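Undergrad: So that we are looking at the same thing, I have put the structure below in structure tokens.
Residue numbers (our numbering): 3 to 288.
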């Protein structure tokens with residue numbers, strides 16, 4: 003386990019999946035979910051090269067089907083520790099026989115964490131080491147406590163930087179993106195968290211103006227969450243669970259019945275040969 007920090011904030015990261023394991027303030031109060039498997043064993047998995055479920059459990063590349071797990075091929079892999087200091091650490095995973103069997107591209111993924119004052123910056127750099135364009139999606143999946151430390155569960159809310167009026171999307175029981183849209187539960191700029199919102203799984207916000215929001219709980223310090231350059235946001239928990247996931251995405255689950263090429267799927271980006279793409283998320287204790 004790798005530990006980084008400042009006077010205001012401390013984080014621990016596991017090389018398994020380069021996954022954030024804890025985020026605590028100077029009083030030792032934890033803001034990240036603890037991974038209790040009775041509810042959900044994850045804490046902050048990295049999603050690559052897919053988000054969610056793919057139709058039939060496979061992606062299609064140049065007409066060939068490849069078996070692809072939910073959320074991709076990296077979250078259960080051991081990353082190499084490239085660099086670690088008092089306030090920053092970087093992890094790296096390169097394509098190998100196991101990843102190539104599911105995702106036939108020569109990639110390298112570097113995941114970096116840096117703490118400065120009360121801000122944790124998370125950055126992922128995806129490199130295409132092959133000779134052809136590489137299609138990919140990417141997502142962060144951190145789970146924060148609901149309620150936040152010292153706060154009240156009733157009244158916890160996510161306040162966006164802009165008013166958000168666009169309809170939302172949802173997945174079906176098989177995990178595929180439904181074609182129809184649903185009325186947004188966001189009122190003005192505020193999503194008040196209630197268990198009933200998640201009885202049909204995640205809220206998928208694919209028409210956002212905002213690239214930042216503040217997670218607030220009455221009586222607690224808040225978290226300012228930023229996702230520059232990432233167009234979608236998933237908000238998810240299990241009804242009654244003591245966590246809430248705020249998930250910036252580049253990409254989304256397969257649309258219902260999707261049978262096309264992976265590179266043509268909505269939300270997928272292409273990284274040119276020998277090129278790279280960077281994804282970022284920041285969390286600030288306010």
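Just so you know, even glycine gets a beta-carbon here, dropped at the ideal spot from N, CA and C.
In this text the structure is predicted, and so the values were computed from the model without any measurement.
Could you work out which residue in 112, 243 and 99 is closest to residue 281 when comparing CA atoms only?
TA: Comparing Cα-Cα distances from residue 281 to each of 112, 243 and 99, the minimum goes to 112.
Undergrad: Relative to the alpha-carbon of residue 267, which residue among 142, 115, 45 and 257 has its alpha-carbon at the smallest distance?
TA: Checking every option, the nearest Cα to that of residue 267 belongs to 257.
Undergrad: Nearest to residue 3 by CA position, among 86, 34, 32 and 72, is which residue?
TA: The option with the nearest alpha carbon to residue 3 is 86.
Undergrad: List in chain order: all unbroken beta strand (DSSP E) runs of 3+ residues lying wholly within the segment 173-232.
TA: Listed in chain order, they are 192-194, 205-207, 214-218 and 225-228.
Undergrad: Check the C-beta distance from residue 272 over to residue 265 and give it rounded, since I have them as a contact under 8 Å.
TA: Between residue 265 and residue 272 the Cβ distance is about 6 Å, and since that is below 8 Å, they are a contact.
Undergrad: Keeping to the same chain, check which residues put their C-beta closer than 6 Å to that of residue 209; ignore five residues upstream and five downstream.
TA: Excluding sequence neighbours, residue 209 sits near 168.
Undergrad: Between the C-alpha atoms of residue 140 and residue 156, what's the straight-line distance to the nearest angstrom?
TA: If you take the alpha carbons of residue 140 and residue 156, they lie about 32 Å apart.
Undergrad: Is it right to say residue 252 is buried, meaning 16 or more other beta carbons lie within 10 angstroms of its own, or is it exposed?
TA: It is buried - the Cβ of residue 252 has at least 16 other Cβ atoms within 10 Å.
Undergrad: Classify residue 184 as buried or exposed, calling it buried when 16 or more other Cβ atoms lie within 10 Å of its own Cβ.
TA: It is exposed - the Cβ of residue 184 has fewer than 16 other Cβ atoms within 10 Å.
Undergrad: Secondary structure at residue 101, three-state DSSP: helix, strand or coil?
TA: Looking at residue 101 - three-state DSSP - the assignment turns out to be helix.
Undergrad: State the start and end residues of the unbroken beta strand (DSSP E) segment that holds residue 42.
TA: Residue 42 -> no beta strand (DSSP E), and no H or E assigned at all.
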